[in-house]
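Step one of this worksheet: look at the structure below.
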Amino acid sequence: MSGSNYDRTSLDVLFENTALGDRNVENRVGLSPMTRVSATEDGRATSEMADYYAKFADGGFSVLVTEGTYPDDAHSQGYANQPGLASQAHVEAWQGVTERVHGANTPILAQLMHAGALVQYNRYTDEALAPSAVTPKGEQLELYGGDGTFPTPQEMTHEDIETTKQGFVDAAQRAEAAGFDGVEIHGANGYLLDEFLTDYTNDREDEYGGPIEHRVALPRRSAQRSRRCDSGRIRRRCSPLSDESQGS
Ligand SMILES: Cc1cc2nc3c(=O)[nH]c(=O)nc-3n(C[C@H](O)[C@H](O)[C@H](O)COP(=O)(O)O)c2cc1C
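Residues in the sequence shown are numbered consecutively from -18, following the working numbering.
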């Protein structure tokens, strides 16, 4: 793929094998994380979800990334019927998915997502946390358990930030126990880590706000700490935020 021979208009490159961390995969077609709100009310993955992910693996996709999954039983859940990786019950439920996907010899990563200010339903708390008390734009979706405009979140204390980092680390460990091949930390689309990165949702004047080196601190440290306890396979998703991209 390197050098001047690479033809950017050809789709052939999609079907060439490549390295994914320390393993080879047969093509470059992967499943993007897509929220499906089809877990149980208490966040356990279901056999229908196993069927869904297994279809992509059986169909030849070379890597799958799950829907955004909440890492802790505090402020991270964002939708009704969202799956979690916050408890042993969640681990055991995801094992049914990873086993099916591994049956096709396909790797699967768990996407860990903290909803931040964009909470539309959270069974553990009524309070949303964010880097600063900035009210999100737009309206909540009924499909996600939401209703009306978003409330204004609480500005996170340093203790909240530490708890959140540890939440990602613990969930990365649970992901390993559930049979995942790694995790992707969701740092895009207007959710918590993106709220730290984005200037207009981060008014903080401490070491987590202001210049970009400060704003990347929480996303960077969450990934670094998770890498130490997971098998080392961590990706972080980030994307530029536009007014339209909040909450996908
Ligand atoms: C219904 C739906 C749910 C999505 N859920 C997630 C999600 O949980 N996590 C995430 O990072 N992106 C999510 N996305 C974004 C997709 O992963 C993808 O980036 C987006 O559909 C754009 O696709 P493209 O990058 O191929 O243009 C979702 C998109 C859709 C349509």
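Beta carbons: idealized from backbone N, C-alpha and C, even for Gly.
All of these numbers come straight from a predicted model, not from anything done at the bench.
Between ligand 1 and the CB of residue 83, the shortest heavy atom gap is not smaller than 8 Å.
In the structure shown, the three-state DSSP call for residue 0 is strand.
Within the same chain, -2 and 43 come within 7 Å of residue 7 by CB-CB distance, once the 5 residues on both sides are set aside. Taken in chain order, no unbroken stretch of beta strand (DSSP E) lies wholly in the stretch 90 to 163 with a span of 3 residues or more.
A residue is called buried once 16 or more other Cβ atoms fall within 10 Å of its Cβ, and residue 95 is buried on that count.
Across the structure, residue 111 and residue 198 are spaced so that their CA atoms are roughly 14 Å apart. DSSP places residue 7 outside both helix and strand once states are collapsed to three, so it counts as coil. In the three-state reduction of the DSSP assignment, residue 24 falls in the coil class, being assigned neither a helical nor a strand state.
Taking a cut-off of 8 Å on C-beta distances, the stretch 12 to 25 touches the stretch 56 to 73, as three or more cross pairs fall below it. Between the alpha carbons of residue 106 and residue -6 lies a distance of about 46 Å. Contact check for residue 185 against residue 136 passes: the beta carbons are separated by less than 9 Å. The beta carbon of residue 77 sits closer than 6 Å to those of 31, all from its chain and outside the five residues before and after it, given in chain order. Between the C-alpha atoms of residue 92 and residue 191 there is a straight-line separation of about 27 Å.
Taking residue 152 as the centre and dropping the five residues before and after it, the same chain places the C-beta of 52, 66 and 93 closer than 6 Å to its C-beta, in chain order. Judged by their CB atoms, residue 37 and residue 87 are nearer to each other than the 9 Å cut-off. Counted as a single uninterrupted DSSP element, the beta strand (DSSP E) harbouring residue 48 occupies residues 44 to 50. Under the three-state reduction of DSSP, residue 185 is assigned to coil, being neither helix nor strand. The chain-ordered list of residues whose CB is nearer than 7 Å to some heavy atom of ligand 1 reads 13, 14, 15, 16, 48, 49, 92, 94, 167, 169, 170, 218 and 229. Counting along the chain, no beta strand (DSSP E) covers residue 17, and no H or E run does either.
Judged by beta-carbon spacing, residue 68 lies beyond the 9 Å limit of residue 46, meaning their Cβ atoms are not closer than that value. For residue 17, the CB contacts under 8 Å within the same chain, skipping 5 residues up- and downstream, are 30, 33 and 48 in chain order. With contacts defined by Cβ atoms closer than 9 Å, residue 176 and residue 115 form a contacting pair. When rounded, the separation of the alpha-carbon atoms in residue 139 and residue 83 is 39 Å.
If you draw a 10 Å sphere on the C-beta of residue 193, you find fewer than 16 other C-beta atoms in it, and that means exposed. Per the C-alpha coordinates, the member of 102, 118 and -10 positioned closest to residue 127 is 102.
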